[in-house]
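A.B. asks: For the record, in the sequence shown the residue sitting at position 283 is 283 according to this note's numbering, with numbers rising by one throughout. No residue lacks a Cβ here, since even glycine has one placed at the ideal position from N, Cα and C. In this text the structure is predicted, and so the values were computed from the model without any measurement. Have a look at the structure that comes next, please.
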Amino acid sequence: MSFLYPLFECMIIIFISKAYTRRKLNINKIILLSIIVLIDMVTINYLIYDKLIAMTLFGQLVFLIICSLFEDQIFKKILLLFISTITSLILEIVSAIIVSIIHLAIQKPEILELTGNLVTIALSFILVFTPVYKIYNIITSTRFSYKIALIYSYFIVISVIIIAKMNIQFLYRHIYVYIIFIMFLILCNLLLLYYERVILAKEHELQSYLKNQPIYEELIKDIRSSQHEFSNRIQTLQLLCDSTDNLDDIREKLHDYTNTYGKPLRSYPLLSINMPLFAAALYSLSIKAEAKDIIINFDIISETLVSQASEVLLTDLSCILLQNAIDASYPKDNIYVNIKSDNKYTEIEIRNPVLKYYSHEETNKFFTYGYSSKNTATTASHGMGLYYLKKEILKYNDSDLYVDCLEHEGRYWIIFKIKL
1 MSFLYPLFEC MIIIFISKAY TRRKLNINKI ILLSIIVLID MVTINYLIYD
51 KLIAMTLFGQ LVFLIICSLF EDQIFKKILL LFISTITSLI LEIVSAIIVS
101 IIHLAIQKPE ILELTGNLVT IALSFILVFT PVYKIYNIIT STRFSYKIAL
151 IYSYFIVISV IIIAKMNIQF LYRHIYVYII FIMFLILCNL LLLYYERVIL
201 AKEHELQSYL KNQPIYEELI KDIRSSQHEF SNRIQTLQLL CDSTDNLDDI
251 REKLHDYTNT YGKPLRSYPL LSINMPLFAA ALYSLSIKAE AKDIIINFDI
301 ISETLVSQAS EVLLTDLSCI LLQNAIDASY PKDNIYVNIK SDNKYTEIEI
351 RNPVLKYYSH EETNKFFTYG YSSKNTATTA SHGMGLYYLK KEILKYNDSD
401 LYVDCLEHEG RYWIIFKIKL
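Below, the structure written as structure tokens:
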């Protein structure tokens, strides 16, 4: 039965690679995979069967080729090899624990080894149906320093595998020593990974605030100009009273003059929101829309916003929707923004007029990677915002994303609603 062991090892790596990447192989890759496994079995069983180190290195080369079928980038192929090899050892140790429990019932070493391999295959197959791909996504997004630590862990694991292959009975006799060692190795990697994630989160938050710094500066500048404008308006009101003695003329002039007061007050509800970055970003977009003679009407139902997402992410996603609404609108159009929150979620609804009706199939295409409804020369740069928005929203439990096109009083309206 030993001639089947290379096949068993390949099956374990295939299941683990699929579990981490969640990729399906096409028929060409399946045929290539079958040829690779066959070559591996022939080479190990008939050419280098008596050379332990050569068998291990050749096996790793075969595993790298298998991992290459599940990843496109060279570095990710190598990284997948490292993670899959380490995972396979962890599964082998778990299976060794299971086998050691029934060790007394199995006297023959060959049957014991075969049972261990079959249990490992079963565990790797079960892994396909678990969310371990999230761990893989986290690892691939870490910085180079963690990947270096992962490389060191990989070589340690390879050494353990070589020792185990030299004497499988030695592994079973000292299984608890191996368990403690591997658990320590996993703990070190998890601590380093956690530290990496904390650093990346802080860096992302800092970059977001630096990116939004011009919004704060613009808001401060606008507040200063508004204060100056307020002083001028007070002086103008005084002059209106002094310029004429006719009460009807004063009334008419006051009426005409105060008609312009409502314009800067459309964004006034944003001042009540408890998220300053969120409010400032929406205000900045309202100023840009005003420059295009597009009116944004804010309806803030809840002053205190509570969300699963951070204020930075909530700001980014809301700005994507509002910017799209501005791009799709024309002068004299009105955009309506409704914001409300409960104890867990914040719901944002944005409505803007469009020139034609969009079917349900067409609105679903809005979130497709690279899709854009803008017929401009710069279309290639569009089609990313809504795709990113949907991708981020789906990361959270009980989140919701809604889009529809409705007809009201002879006009068509696109409605986007997110709950996060």
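By DSSP, does Ile14 sit in helix, in strand, or in coil?
C.D. replies: Of the three classes helix, strand and coil, the one that applies to Ile14 here is helix, per DSSP.
A.B. asks: Less than 7 Å between the beta carbons of Phe421 and Ser124, yes or no?
C.D. replies: The displayed coordinates of the chain run from 1 to 420. Any statement about residue 421 would go beyond what the structure contains.
A.B. asks: Compare the beta carbon distance of Glu303 and Leu277 with 7 Å and say whether it is the shorter of the two.
C.D. replies: Their beta carbons are not under 7 Å apart, which means Glu303 does not touch Leu277 by this criterion.
A.B. asks: When DSSP labels each residue in this structure, what does Val337 get in the three-state scheme?
C.D. replies: DSSP places Val337 in strand when its eight states are reduced to three.
A.B. asks: Alpha carbon to alpha carbon, how far is Gly410 from Tyr330?
C.D. replies: Near 17 Å, if we compare the C-alpha coordinates of Tyr330 and Gly410.
A.B. asks: Can you confirm whether the segment 278-297 touches the segment 313-331 when touching is taken to mean that 3 or more C-beta pairs between the two stretches lie within less than 8 Å?
C.D. replies: Result yes; three or more Cβ-Cβ pairs closer than 8 Å.
A.B. asks: Could you tell me which whole beta strand (DSSP E) segments of length 3 or greater appear in the segment 304-337?
C.D. replies: For the segment 304-337, not a single whole beta strand (DSSP E) run of length 3 or above is found.
A.B. asks: Taking Thr346 as part of the beta strand (DSSP E), name the residues at either end of that continuous run.
C.D. replies: Segment 346-354, the beta strand (DSSP E) holding Thr346.
A.B. asks: Do you know offhand how far Tyr369's Cα is from Ile44's?
C.D. replies: Cα-Cα distance, rounded: 44 Å.
A.B. asks: CA-CA distance, Ala54 and Leu61?
C.D. replies: Answer to the nearest angstrom: the Cα atoms are 10 Å apart.
A.B. asks: Given a cut-off of 7 Å on the beta-carbon distance, is the pair Ser88 and Val119 in contact?
C.D. replies: No, these two residues do not count as a Cβ contact at 7 Å.
A.B. asks: Can you grab the Cα-Cα spacing for the pair Asp249 / Phe230, in whole Å?
C.D. replies: Those two C-alpha atoms are separated by around 23 Å.
A.B. asks: Just to confirm, are Tyr412 and Tyr357 a CB contact at a threshold of 7 Å?
C.D. replies: Yes; because the gap between Cβ atoms is below 7 Å, this pair is in contact.
A.B. asks: For Pro6, count neighbouring C-beta atoms within 10 Å of its own C-beta (all shown protein chains included) and say buried if the count is 16 or more, exposed if not.
C.D. replies: That one is buried.
A.B. asks: Tell me whether Asn117 sits in a helix, a strand or coil according to DSSP, three-state version.
C.D. replies: Of the three classes helix, strand and coil, the one that applies to Asn117 here is helix, per DSSP.
A.B. asks: Could you tell me the alpha carbon to alpha carbon distance between Phe184 and Glu217, rounded to whole angstroms?
C.D. replies: If you take the alpha carbons of Phe184 and Glu217, they lie about 49 Å apart.
A.B. asks: With three or more C-beta pairs closer than 8 Å as the rule, is the segment 330-346 touching the segment 382-391?
C.D. replies: Flag = no, the segment 382-391 and the segment 330-346 do not touch.
A.B. asks: Run through DSSP, which three-state label would Glu407 get?
C.D. replies: In this structure, Glu407 counts as strand in the three-state DSSP scheme.
A.B. asks: Using only alpha-carbon positions, find the residue among Ile36, Phe8, Lys344, Leu81 that is nearest to Thr21.
C.D. replies: Taking only the C-alpha atoms, the option nearest Thr21 is Leu81.
A.B. asks: What does a CB cutoff of less than 7 Å around Leu401 pick up in its chain, not counting 5 residues either side in sequence?
C.D. replies: Cβ within range, chain order: Lys390, Ile393, Ile418.
A.B. asks: At the level of alpha carbons, what is the spacing between Lys202 and Ile348?
C.D. replies: Approximately 26 Å, taken between the alpha carbons.
A.B. asks: Cutting at 6 Å between CB atoms, please list the residues of its own chain near Tyr345, excluding the five before and the five after it.
C.D. replies: Excluding residues within five positions, the ones whose Cβ falls inside 6 Å are Lys419.
A.B. asks: Start and end of the alpha helix (DSSP H) containing Ile101?
C.D. replies: Unbroken alpha helix (DSSP H) run through Ile101: 74-101.
A.B. asks: Which of the three DSSP states is assigned to Leu401 in this structure?
C.D. replies: DSSP places Leu401 in strand when its eight states are reduced to three.
A.B. asks: Rounded to the nearest angstrom, what separates Gln308 and Leu237 at their Cα positions?
C.D. replies: One C-alpha to the other measures close to 48 Å.
A.B. asks: Quick check on the burial criterion: 16 or more other C-beta atoms within 10 angstroms. Buried or exposed for Met384?
C.D. replies: Met384 comes out exposed.
A.B. asks: Going by alpha carbons, who is nearest to Lys332 out of Asp293, Thr56, Arg351?
C.D. replies: For Lys332, the nearest C-alpha among the options comes from Asp293.
A.B. asks: Of the choices Ile301, Ile27, Phe63, whose alpha-carbon is the least far from that of Val37?
C.D. replies: Cα-wise, what sits closest to Val37 is Phe63.
A.B. asks: Just to confirm before moving on: does the CB-CB distance between Tyr387 and Phe367 stay below 7 Å?
C.D. replies: The answer is yes: Cβ separation under 7 Å.
A.B. asks: Going by Cα to Cα distance, which pick from Leu57, Leu285, Ile97 is closest to Ile180?
C.D. replies: Of the candidates Leu57, Leu285, Ile97, the one whose C-alpha sits nearest the C-alpha of Ile180 is Ile97.
A.B. asks: Assuming Ile135 is part of the alpha helix (DSSP H), what are its boundary residues?
C.D. replies: Unbroken alpha helix (DSSP H) run through Ile135: 133-140.
A.B. asks: Using CA atoms only, rank isn't needed, just tell me which of Ile93, Ser286, Lys24 is closest to Val177.
C.D. replies: Answer by Cα proximity: Ile93.
A.B. asks: Within 6 Å: the Cβ of Phe70 and any heavy atom of the ligand FMN?
C.D. replies: In the structure on display, the ligand FMN does not appear, and there are no ligands present to speak of.
A.B. asks: Measure the C-alpha to C-alpha separation of Leu285 and Ile156 and round it to an integer number of angstroms.
C.D. replies: Taking the straight line from one Cα to the other gives about 54 Å.
A.B. asks: From the DSSP secondary-structure annotation, give me the bridge partner or partners of Phe298.
C.D. replies: Per DSSP, Val337.
A.B. asks: Just to confirm, are Phe58 and Ser17 a CB contact at a threshold of 7 Å?
C.D. replies: For Phe58 and Ser17, no; Cβs fall outside 7 Å.
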